[in-house]
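See below for the structure under consideration.
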Amino acid sequence: MQDMYKKSIMDLTKDELSSVVKPSFRAKQIYKWIYTSYVDSFEEMKNLPKDLRKELDEKFLISPLKILAKEQSVDGSIKYLFGLQNGLSMEAVLLPMKKEIRDEDGNVVQSSKYTICISSQVGCKMGCAFCLTAKEGFKQNLTAGEIVAQVLEIKKDIGIAPNKRVNVVYMGMGEPLDNLDNVIKAVKIFSDPDGLSISPRRQTISTSGLAHNIKRLGESNLGVLLAISLHAVDDDMREKLMPINKAYNIASVLDAVRNFPIDQRKRVMFEYLVIKDLNDDIKSAKKLVKLLHGIKAKVNLIYFNPYPNSPFQRPSEKDVLKFQAYLREHGVTCTIRESKGLDISAACGQLYEKNSNTTKGK
Ligand code: SAH
Ligand code: SF4
33 MQDMYKKSIM DLTKDELSSV VKPSFRAKQI YKWIYTSYVD SFEEMKNLPK
83 DLRKELDEKF LISPLKILAK EQSVDGSIKY LFGLQNGLSM EAVLLPMKKE
133 IRDEDGNVVQ SSKYTICISS QVGCKMGCAF CLTAKEGFKQ NLTAGEIVAQ
183 VLEIKKDIGI APNKRVNVVY MGMGEPLDNL DNVIKAVKIF SDPDGLSISP
233 RRQTISTSGL AHNIKRLGES NLGVLLAISL HAVDDDMREK LMPINKAYNI
283 ASVLDAVRNF PIDQRKRVMF EYLVIKDLND DIKSAKKLVK LLHGIKAKVN
333 LIYFNPYPNS PFQRPSEKDV LKFQAYLREH GVTCTIRESK GLDISAACGQ
383 LYEKNSNTTK GK
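According to this note's numbering, the sequence shown is numbered sequentially starting from 33.
Below, the structure written as structure tokens:
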């Protein structure tokens, strides 16, 4: 199916592009046009010979994505619905983390900060019981270009300056480690200094715990940050919430984490979705402290965010705060995730196509 469509030039790393266009410095020029001059056509790449522009235009398209819809939350986050060439769609979310502040002379005292939450697949195979994306089943892997284009299209749409670096979290639709080759390629394209220049240290890959691919990701030594969606402290409960736990139990995931290369100053993030009367008690907090012993970890508590007919409930604030206090008292760094974009279902992992016709393909 994919072959019916033109390949996006954004699928190529700069090395790959250098072997397609000669002389190789052209690759650098093309990267700059696309990622830092925000051009939409090869025609606009004025320092390329006319013949080459024509050839590229015949072979490639630039962006493989179209913005189909946009929804803004009261807290400022914006959810984007993107259409792929074959009619499927997926979502990404812009999360403004800090606003720009200027003093009375107009000097910037705090610069704006953005995080963009991106999808790695259309749908997901993992079938987690609490996740909306799981309900749709799995449709297809995204290509590296489709992963990268989410960030470029959002930067362009909002008018974020090309030299403004954003953070990227792979926490949208899909399981990034189930599409590892394309994700690794995307990490490289993102980090290219002639492109978006997003260093791997600004890219967080979140996984439900595909231990063998945590190992592979570690071996590729990219320097990305790792987040583990743990959510439960014993295998029985985790299996019920996350069927993947049958293939990779908690011990095997933690083992892979222990061997994962991380920057000395960084920690592995453990996401813990707090669900009312299920995993929100101090007994669970106690077990969590034990499990994480010896790992440079930080825990991010996430309020379960209910959706229509969801089988679980949101925990009380009191219980979440008690859980956090217990972890902190026992030496575990712990934050509570601000649930951004809740009113528009744009919290990470909450991406769901309301108009399901557009996700079915044509
Ligand atoms: N597949 C990857 C990345 C996408 S999910 C993973 O599972 O890690 C990213 C995060 O969104 C996960 O930590 C997940 O637990 C969270 N999430 C999923 N459903 C949610 C819900 N209903 N409320 C709050 N967070 C949710
Ligand atoms: Fe997939 Fe992550 Fe949702 Fe589980 S939580 S179904 S792994 S997207």
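We treat Cβ as the ideally placed atom computed from N, Cα and C, and that holds for glycine. Source: prediction; values computed, not measured.
Beta-carbon proximity check, residue i vs residue j, cutoff 8 Å
i	j	result
M301	A259	yes
F74	L97	no
P343	A161	yes
V352	S316	no
V321	V289	no
Y335	P347	yes
V219	I148	no
A329	R297	no
Coarse secondary structure for residue i, derived from DSSP in three states
i	result
T68	coil
G393	Confidence at G393 is low in this model, with a pLDDT of 34, below 50, so the placement of that residue is unreliable and no value is reported for it.
R134	strand
S151	coil
L310	coil
G241	coil
Y63	helix
D121	It should be pointed out that residue 121 corresponds to Ser in this sequence rather than to Asp. Here S121 sits in strand by DSSP.
F222	helix
T165	helix
Q142	strand
G115	strand
I260	strand
M129	strand
F74	helix
S388	A caution first: S388 carries a pLDDT of 44, below 50, which makes its placement in the model too unreliable to give a value.
Residue i, buried or exposed, once every other Cβ within 10 Å from all chains shown has been counted against 16
i	result
F57	exposed
Y37	exposed
N341	exposed
N291	exposed
S69	exposed
A357	exposed
D295	exposed
D210	buried
N277	buried
P55	exposed
P208	buried
C-alpha gap between residue i and residue j, whole angstroms
i	j	result
D287	Q61	43 Å
Y67	A176	15 Å
K318	K354	12 Å
K188	K91	24 Å
G255	P232	5 Å
S388	K102	In this prediction, S388 scores a pLDDT of 44, lower than 50, which makes its location untrustworthy; the coordinate-derived value is nonetheless stated afterwards. Approximately 16 Å, taken between the alpha carbons.
K145	I110	14 Å
L184	R360	38 Å
K171	G115	13 Å
Mind listing which residues have their beta carbon within less than 5 Å of any non-hydrogen atom of the ligand SF4? Chain order is fine. That query returns the following residues: C156, M158, C160, C163, T165, A166, E207, S240.
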